[in-house]
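Novice: Mind having a look at this structure? Questions to follow.
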Amino acid sequence: MIEGKLAAYYFRMVELGVRTEVLITLNEVADLVFTSARHCRTILKEMSQLGWLEWHPKVGRNQRSVLYLNYHVNELKSELAKAMISNGKYEKALALIDHDHALFGALLQNTSGVVRREGELHIQLTYPRSFSALLPHCSLRNSERFLLRQVYCCLTECDFSGKLSSQLAHHWTYDEQAYRWCFYLRPQLYFHDGSMITAECVAELFQKLKELPEYQDELEHVTAISAPNTHCIEFKLNQPDLGFAGLLADARYSIQPVSQLSSSKTSIGCGFFQVDSLSDTRLQLQAFERYYGCRALVDSVTIWKVAMDSLGKIAMKSGQVDLDQKVTCTHYLEKSQDNKKMRSNEVRTRIEDGCLLALFNHSSGLSLLQRKYLSQILSPNKLQDEVIKSGEKIEAVPAYNLLQHWMKTLNSPTTELELPETLSIAVFDHQTLFRCASAMMEILNQLGVKCQINSYSFDEFYRKAKEKTLLEDVILTSLDLDDNRPTSIFRWLLSNPILQQSLSLDAKEWLQAELINIRNITELTDYLGKLEPVSSSLISDYKILPLFHHKQTLRFQDVLKGVSITGWGWPAIRDVWSED
Numbered sequence: 001m002i003e004g005k006l007a008a009y010y011f012r013m014v015e016l017g018v019r020t021e022v023l024i025t026l027n028e029v030a031d032l033v034f035t036s037a038r039h040c041r042t043i044l045k046e047m048s049q050l051g052w053l054e055w056h057p058k059v060g061r062n063q064r065s066v067l068y069l070n071y072h073v074n075e076l077k078s079e080l081a082k083a084m085i086s087n088g089k090y091e092k093a094l095a096l097i098d099h100d101h102a103l104f105g106a107l108l109q110n111t112s113g114v115v116r117r118e119g120e121l122h123i124q125l126t127y128p129r130s131f132s133a134l135l136p137h138c139s140l141r142n143s144e145r146f147l148l149r150q151v152y153c154c155l156t157e158c159d160f161s162g163k164l165s166s167q168l169a170h171h172w173t174y175d176e177q178a179y180r181w182c183f184y185l186r187p188q189l190y191f192h193d194g195s196m197i198t199a200e201c202v203a204e205l206f207q208k209l210k211e212l213p214e215y216q217d218e219l220e221h222v223t224a225i226s227a228p229n230t231h232c233i234e235f236k237l238n239q240p241d242l243g244f245a246g247l248l249a250d251a252r253y254s255i256q257p258v259s260q261l262s263s264s265k266t267s268i269g270c271g272f273f274q275v276d277s278l279s280d281t282r283l284q285l286q287a288f289e290r291y292y293g294c295r296a297l298v299d300s301v302t303i304w305k306v307a308m309d310s311l312g313k314i315a316m317k318s319g320q321v322d323l324d325q326k327v328t329c330t331h332y333l334e335k336s337q338d339n340k341k342m343r344s345n346e347v348r349t350r351i352e353d354g355c356l357l358a359l360f361n362h363s364s365g366l367s368l369l370q371r372k373y374l375s376q377i378l379s380p381n382k383l384q385d386e387v388i389k390s391g392e393k394i395e396a397v398p399a400y401n402l403l404q405h406w407m408k409t410l411n412s413p414t415t416e417l418e419l420p421e422t423l424s425i426a427v428f429d430h431q432t433l434f435r436c437a438s439a440m441m442e443i444l445n446q447l448g449v450k451c452q453i454n455s456y457s458f459d460e461f462y463r464k465a466k467e468k469t470l471l472e473d474v475i476l477t478s479l480d481l482d483d484n485r486p487t488s489i490f491r492w493l494l495s496n497p498i499l500q501q502s503l504s505l506d507a508k509e510w511l512q513a514e515l516i517n518i519r520n521i522t523e524l525t526d527y528l529g530k531l532e533p534v535s536s537s538l539i540s541d542y543k544i545l546p547l548f549h550h551k552q553t554l555r556f557q558d559v560l561k562g563v564s565i566t567g568w569g570w571p572a573i574r575d576v577w578s579e580d
C-alpha cells in the first residue's frame with residue numbers, strides 16, 4: 001500500500017495513545033479506521049514491517065491483542081516527508097506537513113547532500129537567502145556570480161594567472177597593426193532554450209552591451225563589432241589591447257540571448273547547467289545535455305532557502321562574521337553533526353581573492369590629513385580589537401592591499417587630528433561589513449564623533465552608486481574577484497560604480513589613464529604585476545582602506561567526492577560524484 005494512504009489509517013489510531021500498550025481487539029481497530037477486519041489485519045502487518053507500530057495479536061475470538069504505536073502524528077509526518085524530500089518529491093512533502101516551512105527547512109537540512117535516484121545523481125543544499133536572477137549584465141553578489149559560471153559560458157576562459165583557454169571560441173587572433181581581434185566559434189553551439197549560437201547573434205549581443213552605461217568604460221575603445229562569416233566575430237579597436245581576449249572571459253561577458261538584456265524573467269545560458277526554476281524559496285539546476293564540453297557529473301542541483309539559525313547537516317553559508325585570525329569559514333559546505341570528528345584532510349581552506357574595504361567619498365570634503373588619520377584609527381587591527389571586545393569574531397585576516405599577495409602598504413603614523421562632528425557610513429546588507437561599520441562607529445564615538453550607519457539592499461546600494469547619490473562620508477564595500485583574477489581586478493578598478501563614484505574627477509582621470517596604459521602595452525599574464533602599484537597608490541593617497549581578506553572553508557564528511565573549493569567559496573558542484 002502507498003505509504004501516504006497507510007499513514008491516514010495510522011493517524012486515526014493515534015487517539016488510542018502513543019508509546020503505551022493498548023489492549024484492543026482486531027474488530028475494534030477495524031472500526032476505528034473504517035475498514036474491514038481482514039483489511040485491517042493487512043495494514044497492521046504493513047505498519048509493523050515499517051516500524052510504525054507493534055502488533056501482538058492474541059489467538060481466539062474477541063481476544064484483546066496488544067497495540068503499541070511508535071509515532072505521534074507530527075513525528076510520522078516528518079519521517080514520511082523526509083523520505084519524500086530524499087526522493088525529490090518536495091511539494092508532496094510540504095503538503096504532508098501542512099506547509100510548515102520551519103519544519104520543512106529542518107527536514108531539508110537532514111536530507112541534504114548527494115543522492116542517487118533512478119540512476120541519476122542529485123545534490124541538495126540549503127542557503128540562508130534567496131538568489132537574484134542570474135543575469136550577466138546585472139550587478140551580482142558573490143554567490144550569484146559563482147552560479148553564473150555554472151549556467152553560462154564565455155568566448156574564452158582565463159585562470160588566476162592570466163592564462164587563456166578556449167570556451168565557445170576554439171581559437172582567436174590579434175592583429176597588432178590593425179588593432180583587430182577575431183574569435184572563431186565552435187560548430188553546433190546551443191543555448192539552453194534550444195536556439196543556436198551563431199557569430200551573428202554573438203556580435204549583436206556585444207553591440208548591445210557596448211551601448212549599456214555599465215560597459216562603456218570597458219568597451220569605449222571598441223569601434224566596430226561584426227560577424228564576417230557564420231563562425232567568426234571580429235572586434236575592431238582604436239588602440240592596442242593585448243589582453244582583450246581575457247576581458248571577454250569575465251562573467252559580465254557571458255554569452256546570452258540578446259533578448260535577455262531587456263528581460264529579468266529568464267536566465268538562458270549555454271553552460272553545463274541550465275536553470276530549471278528560480279523562486280524566492282529555491283533554485284533548481286539541471287545538467288545541459290548539449291553542452292559543448294564534458295557534461296557535468298551531477299544531473300541536478302537544488303538549493304533551498306533556509307533561515308540561517310536553522311541550518312544543519314549540509315549548508316552553504318555566506319558572510320559569517322567571525323573575526324578571528326585562527327578561525328575559518330566564510331562560504332562553506334558544512335556537515336554540522338560531529339564536526340569535532342572531522343579529519344584535517346576533509347577541510348579545504350583558502351583566503352579569498354579580494355577583500356572588504358572602505359572608500360573615502362570625495363564628496364564628503366575630508367582633507368588628505370583627515371583621511372590619513374581615519375585610516376590610522378580605523379585600521380584592520382583596530383577594528384579587529386573592537387569587534388573582539390564586543391564578543392564577536394570575523395573569520396578573516398587583516399588586509400594591507402587589495403590582494404593578499406601584493407606588497408603590504410605602510411604609512412607613517414600621524415598625530416591626533418580634528419575630525420568633523422558627524423560622519424556617515426554606507427554599507428549594503430552584508431553582515432561582516434555591518435559589523436565593521438559598527439566597530440567604526442564605536443571607535444569614532446570614543447573620539448567624540450557622532451556616527452550614522454546607513455544600510456542598503458545590495459541592489460539599492462549599486463543603484464545609488466550608478467546614480468552618484470551614495471553620499472555618505474565612508475563607504476564600506478567588497479572587492480569580490482572571479483576566476484579570471486587579472487581582468488577581474490582590472491575591471492573593478494576601471495568601472496566599478498562604487499569605486500568610481502567615490503573618487504574625485506582628477507583621481508578618476510588619473511586612474512583611467514594608468515589603466516588604459518596598462519591595457520595598451522601589457523600582456524594579460526603581467527596584469528597583476530602592473531596593477532599592484534596602482535592599488536598601492538590609491539591606498540597611499542588614502543582614497544581606499546583595505547580591511548579584511550575573508551577565509552573560505554569547504555567542509556565535508558564523506559558526503560561529496562572529488563570536490564574542490566572554488567574562488568567564490570563554493571564547492572565545484574559540476575565535479576561531485578558518488579560511488580553508489
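Counting from 1, position 428 in the sequence shown corresponds to residue 428 in UniProt numbering; the numbering is continuous, with no gaps.
Beta carbons are placed, not taken as given, at the ideal position from N, Cα and C, and that holds for glycine.
Values in this document were obtained by computation on a predicted structure and should not be read as measured data.
(1) Using a Cβ distance threshold of 8 Å, determine whether the segment 241-252 contacts the segment 112-123, with at least three qualifying pairs required.
(2) Is P413 close to chain D? Criterion is C-beta to C-beta, closer than 7 Å.
(3) For the alpha helix (DSSP H) containing P497, list its first residue and its last residue.
(4) Name the DSSP beta bridge partners of M407, please?
(5) Determine the direct distance from the alpha carbon of V66 to that of G319, and round the result to whole angstroms.
(6) Could you tell me the distance, in whole angstroms, from the CA atom of Y291 to the CA atom of N484?
(7) What is the DSSP secondary structure of H101, reduced to helix, strand or coil?
(8) Over the uninterrupted beta strand (DSSP E) stretch that includes P571, give me the two end residues.
(9) For the alpha helix (DSSP H) that contains T42, what are its first and last residues?
(10) Can you list, in chain order, the residues of its chain whose CB lies under 7 Å from that of K58, leaving out five sequence neighbours each side?
(11) Hey, how far is the Cα of Y190 from the Cα of L359?
(12) By the 10 Å Cβ neighbour count, where 16 or more other Cβ atoms means buried, how is T415 classified, buried or exposed?
(13) Going along the chain, which residues of its own chain have a beta-carbon closer than 7 Å to the beta-carbon of D276, five neighbours each way excluded?
(14) Short check: CB of S504 to CB of H362, under 7 Å?
(15) Confirm, please, whether the CB-CB distance from E467 to I425 is below 7 Å.
(16) So for S318, helix, strand or coil by DSSP?
(17) Am I right that I225 and A199 are in contact with their C-beta atoms under 8 Å? What's the rounded C-beta distance?
(18) Keeping to the same chain, check which residues put their C-beta closer than 6 Å to that of Q207; ignore five residues upstream and five downstream.
(19) Suppose only complete runs of 4+ residues qualify. What are the alpha helix (DSSP H) ranges in the segment 216-249, listed by chain order?
(20) Using C-beta distances below 6 Å, list every residue in its chain close to T173, excluding the 5 sequence neighbours before and after it, in chain order.
(21) Let me confirm a value: H56 is counted as buried when at least 16 other C-beta atoms fall within 10 Å, else exposed. Which label applies?
(22) Does the beta-carbon distance from L53 to L76 come in below 7 Å?
(23) Is the beta carbon of L357 sitting closer than 7 Å to the one on I544?
(24) Could you check what DSSP says for T266 in three-state terms: helix, strand or coil?
(25) Give me the DSSP bridge partner(s) of Y127.
(26) Across which residues does DSSP place H550 in a beta bridge pair?
(27) I need the DSSP call for K530, collapsed to helix, strand or coil.
(28) Counting only the same chain and skipping the five closest in sequence on each side, list residues whose C-beta sits under 7 Å from that of E21.
(29) Mark F428 as exposed unless 16 or more other C-beta atoms lie within 10 angstroms of its C-beta, in which case mark it buried.
(30) Leaving out the 5 sequence neighbours to the left and right, which residues in its chain are closer than 6 Å to E514 when beta-carbon positions are compared?
(31) Using only CA atoms, which one of M440, F458, A133, F160 lies nearest to Q452?
(32) For V387, which option in A437, M407, R350 has the closest C-alpha, if you only look at C-alpha atoms?
(33) Comparing alpha-carbon positions, which option in L23, R41, V115, Q109 lies nearest V576?
(34) Starting from the Cα of N110, find the closest Cα among S130, N229, R19, M84 and give me that residue.
(35) Alpha carbon to alpha carbon, what distance is there between Y127 and A307?
(36) Could you tell me which of T302, D280, G271, R282 sits nearest to C294, measuring between CA atoms?
Specialist: The structure says:
(1) The answer is no - the segment 112-123 does not touch the segment 241-252, with fewer than three Cβ pairs under 8 Å.
(2) In the structure shown, chain D does not exist; there is a single protein chain.
(3) Taken as a continuous stretch (DSSP letters only), the alpha helix (DSSP H) holding P497 covers 497-502.
(4) Answer is none; M407 lacks a bridge partner.
(5) Unreliable positioning characterises G319 in this predicted model, as indicated by a pLDDT of 37, which lies under 50. The coordinate reading is nonetheless provided below. A direct Cα-Cα distance of roughly 55 Å separates G319 from V66.
(6) Spanning the two alpha carbons is a distance of roughly 21 Å.
(7) It is helical.
(8) It is not in any beta strand (DSSP E) - P571 carries neither H nor E in the DSSP assignment.
(9) It spans 37-50 - the alpha helix (DSSP H) in which T42 sits, taken as one unbroken run.
(10) Cβ within range, chain order: R64, S65.
(11) C-alpha separation (whole angstroms): 42 Å.
(12) Counting the other CB atoms within 10 Å of its CB gives T415 a total below 16, which places it among the exposed residues.
(13) Q284, L285, Q286.
(14) Going by beta carbons, S504 and H362 fall inside the 7 Å limit.
(15) No, Cβ-Cβ distance for I425 and E467 is not below 7 Å.
(16) Model confidence at S318 stands at a pLDDT of 39, short of 50, so the residue's coordinates are unreliable and nothing is read from them.
(17) Not a contact, Cβ separation roughly 10 Å.
(18) Result list for Q207: I225, in chain order.
(19) As for any alpha helix (DSSP H) of minimum length 4 sitting wholly inside the segment 216-249, the runs are 216-219, 244-247, ordered along the chain.
(20) Cβ contact annotation for T173 (same chain, cutoff 6 Å, sequence separation greater than five): C182, in chain order.
(21) Label assigned to H56: exposed.
(22) No, the pair does not count as a contact, with Cβ atoms beyond the cut-off.
(23) Their beta carbons are under 7 Å apart, which means L357 touches I544 by this criterion.
(24) T266: coil per DSSP, three-state reduction.
(25) According to DSSP, Y127 bridges with K305.
(26) Paired residues: A396.
(27) Helix at K530.
(28) V66, Y68.
(29) Counting C-beta atoms within 10 angstroms of its own C-beta, F428 has 16 or more neighbours from the protein chains shown and is therefore classed as buried.
(30) Non-local beta-carbon contacts of E514 in its own chain, meaning distances under 6 Å to residues more than five positions away in sequence, involve V534 in chain order.
(31) For Q452, the closest alpha carbon among the candidates M440, F458, A133, F160 is that of M440.
(32) Cα-wise, what sits closest to V387 is A437.
(33) With respect to the C-alpha of V576, the residue from L23, R41, V115, Q109 having the closest C-alpha is V115.
(34) It is M84.
(35) Roughly 8 Å between the two C-alpha positions.
(36) Of the residues T302, D280, G271, R282, the one whose Cα lies closest to the Cα of C294 is G271.
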